[in-house]
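Here's the structure we're looking at; comments come further down.
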Amino acid sequence: MKKLLIPLLCSLVAAWSCHLDSSYYAENVPDIVTVTEHRLINDNGVVYTLAEKSSENLPDLEEDKRYYIVFDILNQAFQIRLHSVIPVEIKVPEELPESTEGLGGDPIQVQFAQYGRRYMDLGINCYFAAGSKYSRQLKFYYTLENADSQLNIHLYNDGNNENPAKMDEKDLKIQSHIISIPMAKWESITEVNLSCDVLTKDATTGEFTITRRNYQLR
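Just so you know, the sequence shown maps onto residues 938 to 1155 in the working numbering.
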């Protein structure tokens, strides 16, 4: 009987070792992915394969949607065990400049990153392009409004070293593009809204104007 059990145990251990490759195994990894043909692809082109979920209550991931996910990497093939899913949606604002030529696309870039499991950082860059091939980073101010389950972020472009919103500087944080939120607070937030006063240049007249854009990040 022992002769039969030993090979069986060895085969089980080998199979489990293959499933959990210790050299690649990592826990509670955060990332933002896009679902493409049932694959999870992050912004750097890394492809994850969903192997299992830690809970049956986790929602199904929809094709062409973006999600902030937390997961374990199980092996070299980047098979993952999914722990949490948060939809990431950046809605195109209703109000756009009359001319978008030469603006270099959407002036908002948002990155999510979790550090030390204590803070969720929103990295927000607000910019415009002086021409079709060139862009530059603009300094901006921001203020935060916290409700129990809602976070409102307001960005103000400083233009030519001036604050177009004409707000009192003591209420503003200057030149910062990282907004850190304690994880305990972040987990209770169900809605994240962002508004940005964007400096845009009219391609025909060359006139610079301030345009308010609104986004829903969560």
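Positions of the beta carbon are idealized from the N, C-alpha and C atoms, including for glycine. What you are looking at is a predicted structure, and each value in this text was computed from that prediction instead of being measured.
TODO: May I ask which residues mark the beginning and end of the beta strand (DSSP E) holding residue 976?
DONE: 976-979
Open item on the list: Pull the bridge partners of residue 1011 from the DSSP assignment, please.
Closed with: Paired residues: none, contrary to the question.
Task: Rounded separation between residue 1000 and residue 1085 - CA only - done: Whole-angstrom Cα-Cα distance: 31 Å.
- [ ] With DSSP as the reference, please indicate the residues paired to residue 963 in a beta bridge.
- [x] 1010
Open item on the list: Give me the residue from 975, 994, 993 with the minimum Cα distance to residue 987.
Closed with: 975
Task: Straight-line gap, residue 979 to residue 1141 (C-alpha atoms, nearest Å) - done: If you draw a straight line from the Cα of residue 979 to the Cα of residue 1141, it comes to about 37 Å.
Task: residue 1016 burial status per 10 Å Cβ neighbour count (16 or more: buried) - done: buried
- [ ] Identify whether residue 1001 lies in helix, strand or coil by the three-state DSSP scheme.
- [x] coil
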